[in-house]
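First residue of the sequence shown: 578, per the working numbering; consecutive thereafter.
For each residue, glycine too, the CB sits at the ideal point set by N, CA and C.
Worksheet: one structure, shown below.
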Amino acid sequence: MRRASLALVAWLLAGVAGAATPAEKDLSAGWRFRLASGGAADSFRGASGGLTKPVACDARCKPFTDWQPAHVPGAVQTDLLELGRIADPFWRDNEAGLQWIGLSDWDYQLDFDVDADTLRRGHVDLVFDGLDTYAEVSLNGKKLLSADNMFRQWRLPVKNTLRAGRNTLTVHLQSPIARLQPWLMKQPYSLPGEFDSAFGDEPKGKQTSNYVRKANYQYGWDWGPRYVTLGIWRPVRLESWDDLRLADLHIAQRHVDADTAKLAAQFDVRADKAGTVTLDVAWTAPDGKTGSEKRDVALKAGENHVEVPIAIDHPQRWWPVGYGKPDLYRFHGSVSAGGTSLAEADRETGLRSVELRREKDQWGRGFAFVVNGVPIFAKGANLIPYDAFPSRVSTERLEAILRSAKDANMNMLRMWGGGTYQDDAFYAAADRMGMMIWQDFMFGGAITPYDDAFRETTRIEATEQVTRLRDHPSIVIWAGNNEVQTGWESWPDREDFRKFVNADEVRRIEDGMRALFGDTLRKVVTSLSPEVPYWASSPGTDFEREANVLDDGDYHYWKVWSGSEPISHYLDVTPRFQSEYGLQSFPVMATIKAFAKPEDMEPESKVMRAHQKFANGDGNQRLLLYIRQEYGEPKDFASFVYLSQVMQAEGIELAAEHLRSARPRNMGSLYWQLNDVWPGASWASVDYFNRWKALQFHAKRFYAPVDVVPMRRDGRTEVFAVSDRTTDFDATLRTRVYDMGGKLLRETSQPVRAAALASTKAVTVDDATLLKGADPRRTVVSFDLLEAGKPAAHHLLYFGAARTLALPAPELSTKLRSEGGRTLLTVTAKRLARAVWIDTGDLDVRLDENAFDLLPGESVDIVVKGDVDIDTLRRTLSVRSLVDALKEATP
Ligand code: BMA
578 MRRASLALVA WLLAGVAGAA TPAEKDLSAG WRFRLASGGA ADSFRGASGG
628 LTKPVACDAR CKPFTDWQPA HVPGAVQTDL LELGRIADPF WRDNEAGLQW
678 IGLSDWDYQL DFDVDADTLR RGHVDLVFDG LDTYAEVSLN GKKLLSADNM
728 FRQWRLPVKN TLRAGRNTLT VHLQSPIARL QPWLMKQPYS LPGEFDSAFG
778 DEPKGKQTSN YVRKANYQYG WDWGPRYVTL GIWRPVRLES WDDLRLADLH
828 IAQRHVDADT AKLAAQFDVR ADKAGTVTLD VAWTAPDGKT GSEKRDVALK
878 AGENHVEVPI AIDHPQRWWP VGYGKPDLYR FHGSVSAGGT SLAEADRETG
928 LRSVELRREK DQWGRGFAFV VNGVPIFAKG ANLIPYDAFP SRVSTERLEA
978 ILRSAKDANM NMLRMWGGGT YQDDAFYAAA DRMGMMIWQD FMFGGAITPY
1028 DDAFRETTRI EATEQVTRLR DHPSIVIWAG NNEVQTGWES WPDREDFRKF
1078 VNADEVRRIE DGMRALFGDT LRKVVTSLSP EVPYWASSPG TDFEREANVL
1128 DDGDYHYWKV WSGSEPISHY LDVTPRFQSE YGLQSFPVMA TIKAFAKPED
1178 MEPESKVMRA HQKFANGDGN QRLLLYIRQE YGEPKDFASF VYLSQVMQAE
1228 GIELAAEHLR SARPRNMGSL YWQLNDVWPG ASWASVDYFN RWKALQFHAK
1278 RFYAPVDVVP MRRDGRTEVF AVSDRTTDFD ATLRTRVYDM GGKLLRETSQ
1328 PVRAAALAST KAVTVDDATL LKGADPRRTV VSFDLLEAGK PAAHHLLYFG
1378 AARTLALPAP ELSTKLRSEG GRTLLTVTAK RLARAVWIDT GDLDVRLDEN
1428 AFDLLPGESV DIVVKGDVDI DTLRRTLSVR SLVDALKEAT P
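Right under this line is the structure:
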């Protein structure tokens, strides 16, 4: 008791001195950088292939070895680009000539001033939120740190190294490839990785990326370029404090339901000495109501984990998009002594319960997210990094991509493991939108080393990341990795590897993965964020069985696309939760023009192959295979691009609607992939510039809360009313049969009660009943789910692949007008129009509808959003449909 009060006096004195609360000094401005004196990689001088060996710099090095202004956060590549020292890394096939940057070492340096007051503080820490990746840090010539993990924060006590006045901070960055490769070449084997370098700087099968905690995708992926960045990629600052530092404030959610939220404000306090402090927590509810709790606690010298229990009656809960408001509470926590504040922190969080429900049933074992007691069908896509250069992504850009997902009625995105953990701003935006985030730990598929040091650095990384992110209600699951387990079990290169390496070593590798993903990461999540489920691998069964099975866990389906199987095979699998499946396409011409010249506009040109990373460019033939299978031969390059999008959109729609109609057996559809890291061909539905491909417009419809889904198999069609609403509703299923040329042949209606949170089979009907003798090649069926006479959902059905149909020339007409401050575009079809696409060139506009079919005589009004006058729009806009894109007329 006596001791505590003495300590209190010491804190009070510190308070009186006016230096009690921690202070921060941002160190992001004023950096310079240069090519390190060791010289450039030999590829700098145009030498190609072979291993990385530094060469002495010649005169050409000069522009790089002189100090130049640098950005922090940033990367060498983006700094060089801004200075005009290198060509645009995304333009044509520039990628090959820029590999030397990631193979060379670089220096960063900053001069900064520190005042005497700062030096009088009890502690001064130099904090790097992220160093990319092998970084030697020295201050005033004294070496302080060798960093080796891009995903960790580094906190260095520097009080005794700093001096009053000018200080110099130097960060020497070593090429991760140049550093690891000589070591790897001496090893008895290399662990199986992901994608070999296309540029010869690493021999085939000798990937260094397995051995370093750095974003995997930067080494080249099947949708992105190889740009191995170096830099100080997150903010840097000095933090000064006296006797006490609030290392973390967390609002733990012990129990949340409609009646009550039982919370605990957890304070992590580092104290120099024992003493009594007061912990205060004040909160503001979404409706403005406030509350507070306070507690005196005795701190010991060192680390303290202390908490204040909070109970909130009838909490305004956070709901995922589509189920209610994503309400957020604000919490302010403070640590004080004798009325003087010593440290404070703010948190914003949503109160909700999350459960991963895995009940045994007639199909095996379920996999369903249950939020606030409501089982939710997950509708969404996989998210990859926003850019090849992660530090240049602005908050506006990441929010815009998230908004695109929300506008397309998605409620979940899976942050895939081959990239980076995102900025706080990303999760904060997801919180505000009600977007659920499936968060992988950053492992993209490469087999992991089993040594203790690797596991330990990953444990620290995971501890920091979970601590940083656990107050975001949007995160509903943490998963150990992407495809590490399934790859190990079933990919041919891994099978070969297991034969090549002796059995004991194979066991050690396997045990190492199990220890890392089954144990180490699980413990981090269950101890720091026990409210959120942990899942060892995606796809997986949480290590209870083999990965990627249909009757348990989550599932990745790649027989369509990677296995070249026809798109209709999507209907052959009904897993419990399909967390990956995908088809590629090219982005719109405006985006292609951002990287290619007119002479490149050909699927097999060098440049178009350079921007197609699947199978080193051969993916363009895979696109053609599917286009031909479904539609026919593209007339020209622009038609190839358009058809690739139509094929992707209609193919993914088939799969997604199959999965939705299979509820509750299946409870999730996350297609591969939402976004892009650069402009190029990929599985994305939103391109690098956030322009929507046809798939994104389709997603908006096939992920709508209510959908009508006709599933035709072997001449029989089952029609489902799929509803994510939480109450049942009565509707009418209207079936209209048309001759594509214009005539309505028949119309029938029947009542259907659409059950809440379910897929209800409304009717089963065979082709003969629908056609009644009409020519299947010229007939289309329109299904409408009408609620109080108004369409709640609409879907067309064709009797075969598009290439087998006798599609008429639709005679599309367009009309533009301004109405009530909005620009409206009306598109009308005289006869059936398939896959209508309105092209707005490179105008900065967004249509609220595109990529649709029109029935004979049907019109649609489309809102054009964006700052553009009607005349410019009229001149730029063009409309096409399927018949315009094919070489030969359909039969
Ligand atoms: C998946 C992913 C990625 C990859 C994608 C497309 O399985 O996990 O690694 O980019 O397939 O091939």
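| Check | Outcome |
| --- | --- |
| In the DSSP assignment, the alpha helix (DSSP H) including residue 796 goes from what residue to what residue? | Taken as a continuous stretch (DSSP letters only), residue 796 belongs to no alpha helix (DSSP H), being part of the beta strand (DSSP E) at 796-798. |
| Which ranges does the alpha helix (DSSP H) cover as unbroken runs of at least 4 residues, wholly within the region 1295-1361, from first to last along the chain? | 1344-1348 |
| DSSP three-state label for residue 1175, please. | helix |
| With contact counted as at least three CB pairs below 8 Å, one residue from each stretch, are the region 791-801 and the region 949-957 in contact? | no |
| Check whether the region 653-664 and the region 1162-1173 are in contact - that is, three or more C-beta pairs closer than 8 Å. | no |
| Quick check: what's the CA-CA separation for residue 780 versus residue 1212? | 40 Å |
| May I ask which residues mark the beginning and end of the beta strand (DSSP E) holding residue 731? | 731-734 |
| Using 8 Å as the cut-off, classify the Cβ of residue 1189 as near or not near the heavy atoms of ligand 1, replying yes or no. | no |
| Going by DSSP, what residue range makes up the alpha helix (DSSP H) through residue 1377? | No alpha helix (DSSP H) contains residue 1377, which DSSP labels as neither H nor E. |
| Give the single residue among 1264, 1053 and 1462 whose Cα lies nearest to the Cα of residue 895. | 1053 |
| For a minimum of 3 consecutive residues, which ranges assigned as the beta strand (DSSP E) are wholly contained in the region 830-902? | 837-848, 852-861, 867-876 and 879-890 |
| Tell me residue 1440's beta-bridge partners as DSSP assigns them. | 1401 |
| Residue range of the beta strand (DSSP E) that residue 925 falls in? | 917-926 |
| Contact between the region 677-688 and the region 747-755: three or more CB pairs below 8 Å? | yes |
| Can you give the Cα-Cα distance for residue 1342 and residue 1295, rounded to whole angstroms? | 6 Å |
| Let's test the definition: count the other Cβ atoms within 10 Å of the Cβ of residue 1431 and tell me whether it reaches 16, buried, or not, exposed. | buried |
| Do residue 1369 and residue 1332 count as a contact pair if the criterion is CB distance below 9 Å? | no |
| Could you tell me the distance, in whole angstroms, from the CA atom of residue 1237 to the CA atom of residue 1303? | 16 Å |
| From the DSSP output, in three-state form, read off residue 1243 for me. | coil |
| Using the DSSP secondary-structure output, state which residues sit across from residue 1263 in a beta bridge. | 1269 |
| Assuming residue 1268 and residue 1168 form a contact by the criterion Cβ under 8 Å, report the distance between their Cβ atoms to the nearest whole angstrom. | 6 Å |
| Could you check the C-alpha separation between residue 1375 and residue 1278 for me, to the nearest Å? | 18 Å |
| In terms of residue numbering, what span does the beta strand (DSSP E) encompassing residue 953 cover? | 951-953 |
| Quick one: grab the DSSP three-state call for residue 745. | strand |
| Select from 1379, 1314, 812 and 855 the residue whose C-alpha is nearest the C-alpha of residue 1347. | 1314 |
| Below 8 Å, can you find three or more Cβ-Cβ pairs linking the region 1150-1160 to the region 1245-1260? | yes |
| Could you check whether residue 642 and residue 687 sit closer than 9 Å to each other, using their CB atoms as the reference points? | no |
| Can you give the beta carbon distance from residue 912 to residue 821, rounded, assuming they're within the 8 Å contact cut? | 7 Å |
| Using 10 angstroms around the beta-carbon of residue 1440, count the other beta-carbons present and answer buried if the total reaches 16, otherwise exposed. | exposed |
| What are the boundary residues of the beta strand (DSSP E) that residue 1431 is part of? | 1429-1431 |
| CA-CA distance, residue 1474 and residue 1405? | Absent from the structure is residue 1474, since the part of the chain shown begins at 578 and ends at 1468. |
| Do residue 1242 and residue 1153 have their C-beta atoms within less than 9 Å of each other? | yes |
| Grab the span of the alpha helix (DSSP H) containing residue 983 for me, first residue to last. | 972-984 |
| Just verifying my parser: in three-state terms, what is the DSSP assignment at residue 625? | Because residue 625 carries a pLDDT of 49, less than 50, the predicted location of this residue cannot be relied on, and the following value inherits that uncertainty. Coil. |
| Any heavy atom of ligand 1 inside 8 Å of the beta-carbon of residue 1193? | no |
| Comparing the CB of residue 787 with every heavy atom of ligand 1, is any distance shorter than 8 Å? | no |
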